[in-house]
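Residue 581 in this note's numbering sits at position 581 of the sequence shown, with consecutive numbering throughout.
Idealized CB from N, CA, C, for every residue including glycine.
Model, not experiment: these values are computed from the prediction.
Taking it in order: structure first as structure tokens, then the write-up.
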Amino acid sequence: MANQNQKQNQKENQKLQKKHDDFSLKETTPNISAGRVIGGDRLPTSFDLVEKMDFLFARVVKAKDLLQADDSDSDSDSCNPYVEVKLGASMGTTRCIEKTSNPEWNQVFAFSKERIQGSVLEIVVMDKNKDKDDGSEPTDEFMGCVVFSIYDVPMRVPPDSPLAPQWYKLVDQNGVRLQRELMVSVWIGTQADEAFPDAWHSDAAIGKNGEHIAYTSSKVYISPRLWYLRVNVIQGQDLLLQNNNKSGNSEILIQAVLGNLALRSRPIKISPNPVWNEDLMFVAAEPFDETLLISIEQGINNNNKHESLGNCVVPLKDVERRIDATPPAIMWYNLEKKPKDEEEKATFAGRLNVRVSLDGGYHVLDEATHYTSDLRPSSRHLCSPVIGVLELGILNAVGLSPMKKENRTDAYCVAKYGPKWVRTRTIVDSLSPKWNEQYTWEVYDPCTVITIVVFDNSHLQQEGKNAQAAVDKRIGKVRIRLSTLETGRIYTHFYPLINLHSQGAMKMGEIQLSVRFSCPSLLNVLQTYATPLLPRMHYISPLSIFQVDSLRNQAAAITTLRLRRAEPPLSKEVVEYMLDVRANVWSMRRGRAQFYRIVGLLNGLIFVYKMLNAIRSWKSSVWTIISYIIFLLVLLYPGIVLPTTFSLLLLVGIWRYRTRPRYPSHMDMKLSHADTAAFEELEEEFDPFPSKFSGDNLKKRYDRLRGISGRVLAVMGDMATQGERVQSLLSWRDPRATVVFVIFCLVAAIVTYFIPFRYLIFILVSYLLRPPRFRFDMPAVPQNFLRRMPSESDGLL
1 MANQNQKQNQ KENQKLQKKH DDFSLKETTP NISAGRVIGG DRLPTSFDLV EKMDFLFARV
61 VKAKDLLQAD DSDSDSDSCN PYVEVKLGAS MGTTRCIEKT SNPEWNQVFA FSKERIQGSV
121 LEIVVMDKNK DKDDGSEPTD EFMGCVVFSI YDVPMRVPPD SPLAPQWYKL VDQNGVRLQR
181 ELMVSVWIGT QADEAFPDAW HSDAAIGKNG EHIAYTSSKV YISPRLWYLR VNVIQGQDLL
241 LQNNNKSGNS EILIQAVLGN LALRSRPIKI SPNPVWNEDL MFVAAEPFDE TLLISIEQGI
301 NNNNKHESLG NCVVPLKDVE RRIDATPPAI MWYNLEKKPK DEEEKATFAG RLNVRVSLDG
361 GYHVLDEATH YTSDLRPSSR HLCSPVIGVL ELGILNAVGL SPMKKENRTD AYCVAKYGPK
421 WVRTRTIVDS LSPKWNEQYT WEVYDPCTVI TIVVFDNSHL QQEGKNAQAA VDKRIGKVRI
481 RLSTLETGRI YTHFYPLINL HSQGAMKMGE IQLSVRFSCP SLLNVLQTYA TPLLPRMHYI
541 SPLSIFQVDS LRNQAAAITT LRLRRAEPPL SKEVVEYMLD VRANVWSMRR GRAQFYRIVG
601 LLNGLIFVYK MLNAIRSWKS SVWTIISYII FLLVLLYPGI VLPTTFSLLL LVGIWRYRTR
661 PRYPSHMDMK LSHADTAAFE ELEEEFDPFP SKFSGDNLKK RYDRLRGISG RVLAVMGDMA
721 TQGERVQSLL SWRDPRATVV FVIFCLVAAI VTYFIPFRYL IFILVSYLLR PPRFRFDMPA
781 VPQNFLRRMP SESDGLL
């Protein structure tokens, strides 16, 4: 009873907190230069969307002659030197180089000007683990130091060349100059300095000797270029079948293995010359250093145990690459069967007729369909030219919730657009971190989405294997659709960070971003609205829904594996959350949100029905008489129907310009139904797949139901998205598209006024009933234009 009461109290507290939290978007005015000169200083254009931050940089290059000939306490010809850089209470340490008197470190240390407490920068050279004569524990020996006054340190602003390092004589503790020398350079710069990303930062001093500093630095990652690998299995010949099946219900099938993934064809009845003609689809990543293993398996029906009749190996480097629907060459591969004794040679086991190709005409989806950030095909030869530039400034966050037991948060941001991922540095132990880092992406299509997520770094307090097994906790996500941004305008807002978990949705703080979408030619941007959303191969040779889902999971797994091998790595939970891997799993909350989206679209039809019913029932005599007069005018002058309709749409579009959205889209709690989701629904939503519930039969039925429900959820979302795209034609959510549609309405109103209505109907019906030879394989321009319209899916959690 006590536990139940505690849970009820927690739920009530969370509901009260949700009511008091402000989940709206807040416009801000940060102190950014935006390409302007402020106070005689000017940041480069690549850093004009963030606030300038000053840092004291110290580059420790190398030392020489650390051991002199008259060193009486030297028992060896070498030492183990390292350098300590001290400024007030902050201290950074280089790596220790063993057994050398002429070490070379080439490490940079950055001290934030806001945290500078002292006025003297001290660079000390130490000798590690120097044994004492009295037999006590080994200690580090002082070898000399160099002292700088921070008031005398020069200022450097890029694009100035890097400051040249100089040799300095070391002094002992009494101020006596020694013959030992240290090469260093010290300067004051900003985050625009090229040494900033790889520097040791005073606000990220974690672990003994900075051992976890790699997990706190800012980096840029590139996703692997992915291709679809199509294996078209046609037939087999001269197979050496096994005759150990007396019941006669044996079957054979094809198994293809690439990496850790194995796919099987449909089983067919046993035959020495079987025919399949079936496609097996994989996702492969450049540089194609893997091999494809194709084997023929024989076994009994309803039995997972099959015996290999023979296999062949196909290196991906030798596979034909195609960029269109031209069938690849048919190849015959000899099958070999390995004997049980490894010393014996493999024997001939038949032949296999297959088509293997790397299809570069598709775009390999690794993100959720509605939130994709890249639509280009895999082949570089088919990629469209750049139409603009997206610039993102990650300024700061405020009011972050403590994520660790010590009431602390070590926050960092990850942003993804296209193949480029960026990770900011980790601000240690701060609930109001300031990053002020700016990044740039090339834009090939404006109807794409950039995703920004804030995480808590859990690798800093762990050691050894625990550091690799630590899980970074998510704080919140922001998605911004580029087509909703005006060209050249700088958007600076505080975005709410909403974290949805099994206990409910909570506001974890706010992040301040500055965004600018620039394009040199507006005509090039408008031309993209008339082109198909996906590459040509998706329409000429479309993939099934099941293939798209399977291939997307493969692509996400490959991307996760590649980014985990980087330094510092992007962990699995980070990549999966960025790619919305669980977006196609059933959720009662998302299902209810999609249902009410559809209901919202039907409200217009319900309103029209109520109006017609009110007119028919004479609730208002005036409106009924006016409606009857309008009906008579339509009968007498049917040619004015279309011009009047387009004129009304034109007036509505112009009228709504005053109330057009001024802010980018953001996560909406009410639209997502995150504020009304029950505990049981959230528990189901965050239940892993497969389910964690016990009972094999229950588990299979439950997982099957969730898989089917996920398909229904996707269909519901697509229906809602199509209707909302029609509504967005006049909502000014995408200002460029609305201008085009309003102009179209103006032209259509003029054309339909001068051309009789019956001629328009004749042209329309004749066009719809034209012979197939006069039709096109690609979607029409209106269809392409409508698919590029934004929808409310951008605001869903």
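- Taking a C-beta distance under 8 Å as the contact criterion, S223 and W421 qualify as a contact pair.
- Judged by DSSP in its simplified three-state form, H306 adopts strand.
- Going by DSSP, F689 is part of no beta strand (DSSP E) at all; its letter is neither H nor E.
- Bridge partners of E51 according to DSSP: none are assigned.
- Of the residues assessed, G393 falls on the buried side of the cut-off, its CB having 16 or more other CB atoms within 10 angstroms.
- Excluding sequence positions up to five before and after P402, its CB lies within less than 8 Å of the CB of R408, T409, L431, all in the same chain and listed in chain order.
- If you compare the alpha carbons of A411, D172, E181, E122 with that of A63, the shortest gap goes to E181.
- The C-beta separation of A411 from A397 comes to about 6 Å, placing the pair in contact by the 8 Å criterion.
- Pairing A349 with L239, the inter-Cα distance amounts to about 6 Å.
- For a cut-off of 8 Å, the C-beta gap from S202 to F111 is around 5 Å, short enough to register as a contact.
- The alpha-carbon of D794 is positioned some 11 Å away from that of L482.
- DSSP, read as helix, strand or coil, puts V712 in helix.
- Its chain contains S78 as the residues whose beta carbon lies nearer than 6 Å to that of K99, once the 5 sequence neighbours on both sides are disregarded; these appear in chain order.
- Looking at the DSSP output, S185 shares a beta bridge with R59.
- Put simply, the backbone Cα of W187 is about 31 Å away from that of D456.
- In the DSSP assignment, N260 falls outside any beta strand (DSSP E), carrying neither H nor E.
- I475 places its beta carbon 8 Å or farther from that of L543.
- Comparing alpha carbon positions, the residue from L563, P81, R376 closest to D127 is P81.
- Of the candidates T721, L163, Q547, Q117, Q547 places its Cα closest to the Cα of Y362.
- Per DSSP, P496 lies in no alpha helix (DSSP H) segment; the continuous beta strand (DSSP E) that holds it begins and ends at 490 to 501.
- Taking the Cα positions, P532 is about 16 Å away from L365.
- Annotated three-state conformation of W200 is strand, per DSSP.
- With fewer than 16 other CB atoms across the displayed protein chains lying within 10 angstroms of its CB, P688 is exposed.
- In this chain, L796 is not harboured by any alpha helix (DSSP H), its DSSP state being neither H nor E.
- Excluding sequence positions up to five before and after C383, its CB lies within less than 8 Å of the CB of R376, P377, Y444, all in the same chain and listed in chain order.
- Our two residues, Q461 and A469, have alpha carbons roughly 12 Å apart in a direct line.
- Within its own chain, the residues whose Cβ lies closer than 8 Å to the Cβ of V319, once the five positions on either side in sequence are excluded, are L229, F288, L292, V356, S357, L358, listed in chain order.
- In the structure shown, Y228 falls within a strand segment according to DSSP collapsed to helix, strand and coil.
- Its chain contains no residue whose beta carbon lies nearer than 8 Å to that of L561 once the 5 sequence neighbours on both sides are disregarded.
- Taking C-alpha positions only, K113 is separated from G600 by approximately 53 Å.
- Beta-carbon to beta-carbon, H501 and F686 are separated by about 7 Å, close enough to satisfy the 8 Å threshold.
- Counted as a single uninterrupted DSSP element, the beta strand (DSSP E) harbouring G144 occupies residues 139 to 149.
- Distance from L671 to A583 at the Cβ level is roughly 16 Å; contact not present, criterion being Cβ atoms closer than 8 Å.
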